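S.K.: So for the sequence shown, our numbering puts the first residue at 3; every next one is plus one. The beta carbon of each residue, even a glycine, is placed where N, CA and C say it ideally should be. Just so we're clear, the structure is a prediction, and the values are computed from it rather than from any experiment. The structure follows.
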Amino acid sequence: MKIGLSYSRCVRDIVEGRVDIDDVLVLISRTDFDPHDDEQWSEIWNGYRFGPNPEWSACRDEDEGHYRQVSIELWETGRFHQPRKFGSRPYRRSEYWLETILPDEELERNPTAKDAWNKFQVIAGLTNIKVDRTY
């Protein structure tokens, strides 16, 4: 499971197939918009294609629907958190994916964490969650 910290970069990774949307626990974004709102969406789409941080500059016009669909799916499944909607002003980070795993060395030092991790992996397997140790 992954926690995303950049709307533009994480959605791009999902659209481009580097990250499976089903592996995203939550996307914590510095944005403040509703992907259902046509005017707000237009500002986001054009901003990330042509603005000061053009993370989507390589996108074609026909890609827009896929980017919006991913955004709406994250929104509708409760996995799109925007702290700016609540008055927070998070800063841009260089890293933008966090993996929700424990390193092997920590598991070996902490038997309780190891037991919890093993149980999590069983549950993850039952729910089709893929644990990616290489990202």
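Just curious, the beta strand (DSSP E) that G6 is in, first and last residue?
M.R.: Where G6 is concerned, the enclosing beta strand (DSSP E) stretches over 4-6.
S.K.: Please report the distance separating the alpha-carbon of W47 from that of E66.
M.R.: 7 Å
S.K.: In chain order, what residues of the same chain lie with their CB nearer than 6 Å to the CB of K87, ignoring the 5 residues before and after it?
M.R.: D34
S.K.: If you draw a straight line from the C-alpha of L128 to the C-alpha of E18, how long is it?
M.R.: Looking at the backbone, the Cα of L128 and that of E18 are separated by about 26 Å.
S.K.: Compare the beta carbon distance of V28 and I5 with 8 Å and say whether it is the shorter of the two.
M.R.: yes
S.K.: Tell me where the beta strand (DSSP E) around W77 begins and ends.
M.R.: Segment 66-78 is the alpha helix (DSSP H) holding W77; no beta strand (DSSP E) there.
S.K.: Any idea which residues DSSP pairs V30 with across the strands?
M.R.: Just to set this straight, residue 30 is Ile in the shown sequence, not Val. I30 pairs with H83.
S.K.: Using C-beta distances below 6 Å, list every residue in its chain close to Y50, excluding the 5 sequence neighbours before and after it, in chain order.
M.R.: Hits under 6 Å: S10, E57, W58.
S.K.: Is the beta carbon of E75 less than 8 Å from the beta carbon of I30?
M.R.: No, the pair does not count as a contact, with Cβ atoms beyond the cut-off.
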